[in-house]
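Here's the structure we're looking at; comments come further down.
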Amino acid sequence: MKAHTLWLQNTLSGQKEAFEPINPPFVGLYVCGPTVYNEVHMGNLRTFISFDVLNRYLRYLGYTVRYVRNITDVGHLTDDSGEDRVEKRARLEKIEPMEIVQKYSRGFHRVSDVFGLLDPDIEPTATGHIVEQISMIESVIAKGFAYEANGSVYFDVEKYAKKHNYGQLSGRVLEELDQQTRNLDGGEDKRFFADFALWKKASDETIMKWPSPWGIGVPGWHLECSAMSTKYLGKTFDIHGGGMDLKFPHHECEIAQCQAAEEGSSARYWMHTNMLTINGTKMSKSLNNSILPMEFVSGEHDLLERGYPPMVVKFFMYQTHYSSPLDFSNEALQAAEKGFIRLQKGMELLENIPEGKGSKEDASVLLDALNDALHHLTDDLNTPRCIASLFEVTNSIQRMQHHSTSLDSDTKSQCLAIFKGIVHQVLGLELSTNHAHNDSLDKVMDALLGIRKKARTEKNWAVADALRDGLSSVGVTFSDNKEGSSWEIK
Ligand code: AMP
Ligand code: ZN
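This note's numbering numbers the first residue of the sequence shown as 185 and each following residue consecutively.
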């Protein structure tokens with residue numbers, strides 16, 4: 185498998201780069217996890233699903249991955265001078281902040297299980313790493329890139345930018361930012377508009393707060409990811425990911441903190457996923473246009489015509505590259521469902537194809553298409569192209585079945601191993617294994633086809649057409665040929 189070079193789009197360089205781990209076969213992967221002040225919506229999950237594919241694919245390639253995805257349970261303020269999101273929610277629900285954290289972390293884990301995401305190897309929380317965050321602030325102060333003001337500590341962006349490239353990740357230019365944000369900002373203790381809090385003094389009302397060398401307070405949001413990624417993956421590690429809305433300020437500030445604490449540190453590859461949108465607008469809690477993952481499953485949402493199995497929702501996501509926006513629509517979900525059923529059929533046909541002498545040509549067509557599918561994954565995880573190749577495989581197998589061809593047993597097992605490896609291991613799609621159900625469906629359809637054949641022989645077109653129309657209304661189509669009739673779920 186190592187023969188495949190993986191190419192990843194690196195936001196830091198703006199280039200697609202060949203992926204070379206610092207210390208193979210080990211790969212350190214850090215992804216910004218959810219802020220657990222309410223339920224994760226499908227947009228959040230799109231990002232976690234995209235990184236699940238990366239995590240799975242790296243493992244499939246034989247790397248030993250340490251996947252760290254944090255839980256933000258303190259420090260994420262509503263704005264720079266505002267209230268902590270978790271505390272605000274706790275006040276609204278009249279429960280402890282830690283009850284909010286437990287409730288929504290559990291919800292996130294349940295949803296991750298339903299959608300078949302692999303658990304991270306380490307899932308650190310911000311509240312569990314206050315000591316590490318304080319020590320990182322001390323390093324930044326010692327290097328002269330942070331200052332204390334009235335019990336809070338701020339990162340000195342102006343000073344940092346004189347020595348380092350602040351904006352290297354997001355492409356933001358300080359002078360332009362100045363114009364945009366000067367009046368929007370409420371942090372009175374800051375020296376410079378772009379400075380950001382590493383430690384924020386707590387008010388008497390603040391519930392979650394900790395002692396520090398600068399007094400009682402809370403850590404800044406950007407800091408937790410720097411402290412926890414370096415603790416578990418080292419000062420320089422392989423891949424850091426998150427949604428593209430985190431590029432600025434969150435990730436830009438993370439890089440600045442790491443570089444300020446120790447020059448040359450931080451991640452080598454930065455990957456950003458694009459947004460799930462509704463009518464072109466980012467799905468977001470604050471815009472009141474979010475759909476929860478379990479609502480996709482149950483169909484209980486005004487925008488959903490019906491529910492869809494979790495694997496169909498994932499398949500819908502894979503049909504768009506992770507770095508492109510994905511707009512929600514019922515039509516696209518229904519098309520994805522048909523595609524998913526088709527893929528499943530391809531796998532079943534391959535499993536059932538008779539072993540025999542087979543033809544060399546059939547074997548090479550199948551293997552080529554499967555290798556193409558694998559190859560597309562090496563190209564920055566191009567799942568839509570990978571799936572298109574799997575459909576080609578399905579078409580070829582259907583052709584072979586139609587001509588009653590066999591496949592030699594070596595090729596068959598090789599093809600099955602690649603097909604299953606991509607579908608199960610990399611894409612994390614569990615195909616329905618309910619063969620009992622499929623068998624009985626086959627029997628019912630055979631009986632119906634028998635009735636239709638009889639009707640046609642007797643030229644009873646009314647019955648034959650009624651059968652065809654009735655079944656077509658539930659998505660089953662017939663095709664008639666010399667050998668008889670066959671059916672397909674579209
Ligand atoms: P948060 O809980 O707000 O910190 O977000 C968790 C993750 O979800 C972050 O990586 C965000 O970038 C990502 N995210 C938020 N909204 C969307 C969206 N509509 N589509 C895709 N990813 C999103
Ligand atoms: Zn983060």
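Glycine included, each C-beta is placed from N, C-alpha and C at the ideal position. Source: prediction; values computed, not measured.
- For residue 252, the enclosing beta strand (DSSP E) has its first and last residue at 248 to 253.
- DSSP places residue 405 in the uninterrupted alpha helix (DSSP H) bounded by 405 to 417.
- When secondary structure is reduced to three states using DSSP, residue 299 falls in the coil class, being assigned neither helix nor strand.
- Taking 8 Å as the cut-off, the beta carbon of residue 610 is found closer than this to the beta carbon of residue 240.
- Distance from the CA atom of residue 394 to the CA atom of residue 411, rounded to whole angstroms, is 16 Å.
- For residue 637, the secondary structure class from DSSP, reduced to helix, strand or coil, is helix.
- For residue 452, the three-state secondary structure derived from DSSP is strand.
- Closer than 7 Å to some heavy atom of the ligand AMP: that describes the Cβ of residue 467.
- DSSP places residue 338 inside the beta strand (DSSP E), whose first and last residues are 336 to 339.
- When C-alpha distances from residue 194 are compared across 491, 377 and 425, the shortest belongs to 425.
- The continuous stretches of beta strand (DSSP E) do not include residue 469, and DSSP gives it neither H nor E.
- The set of residues whose C-beta lies within less than 5 Å of a heavy atom of the ligand ZN reads, in chain order, 216 and 409.
- Put simply, the region 251 to 264 does not touch the region 521 to 533. Fewer than three CB pairs are less than 8 Å apart.
- Excluding residues up to 5 positions away in sequence, 546 lie with their Cβ nearer than 6 Å to the Cβ of residue 584 in the same chain.
- Counting of Cβ neighbours within 10 angstroms places residue 406 among the buried residues, the total reaching 16 or more.
- Membership of residue 561 in the alpha helix (DSSP H) is indicated by the continuous run 544 to 562.
- In terms of side-chain proximity, the C-beta atom of residue 427 is found nearer than 7 Å to a non-hydrogen atom of the ligand AMP.
- Under the criterion of beta carbons closer than 8 Å, residue 453 and residue 201 qualify as touching, at roughly 7 Å.
- Judged by DSSP secondary structure, residue 443 falls within the alpha helix (DSSP H) whose first and last residues are 436 to 445.
- Taking C-beta atoms as the reference points, residue 321 and residue 330 count as a pair closer than 8 Å.
- For residue 592, the closest of 246, 558 and 534 by C-alpha to C-alpha distance is 534.
- The nearest non-hydrogen atom of the ligand AMP is less than 7 Å from the C-beta of residue 430.
- Take the alpha-carbon of residue 291 and the one of residue 273: they are about 15 Å apart.
- Around the C-beta of residue 389, fewer than 16 other C-beta atoms lie within 10 Å, and the residue is accordingly described as exposed.
- The residue from 311, 188, 652 and 345 with its alpha-carbon nearest to that of residue 219 is 311.
- Taking residue 614 as the centre and dropping the five residues before and after it, the same chain places the C-beta of 300, 495 and 608 closer than 8 Å to its C-beta, in chain order.
- Each residue's CA atom was taken as its position, placing residue 595 and residue 551 some 8 Å apart.
- With a threshold of 16 other beta carbon atoms within 10 Å, residue 554 meets it and is buried.
- For residue 473, same chain residues with a beta-carbon under 7 Å away, outside a window of 5 residues either side, are 462, 465 and 467 in chain order.
- Ranked by Cα distance from residue 574, the options 616, 502, 477 and 513 are led by 502.
- Taking 7 Å as the cut-off, the C-beta of residue 266 does not count as close to any heavy atom of the ligand AMP.
- Boundaries of the beta strand (DSSP E) harbouring residue 192: 191 to 194, taken from the DSSP string.
- In terms of Cα proximity to residue 578, the closest of 536, 327 and 510 is 536.
- At a cut-off of 7 Å, the beta-carbon of residue 477 does not count as near the ligand AMP: no heavy atom of the ligand is closer than that.
- Residue 403 places its beta carbon less than 8 Å from that of residue 259.
- Residue 341 has its alpha-carbon roughly 15 Å from the corresponding atom of residue 353.
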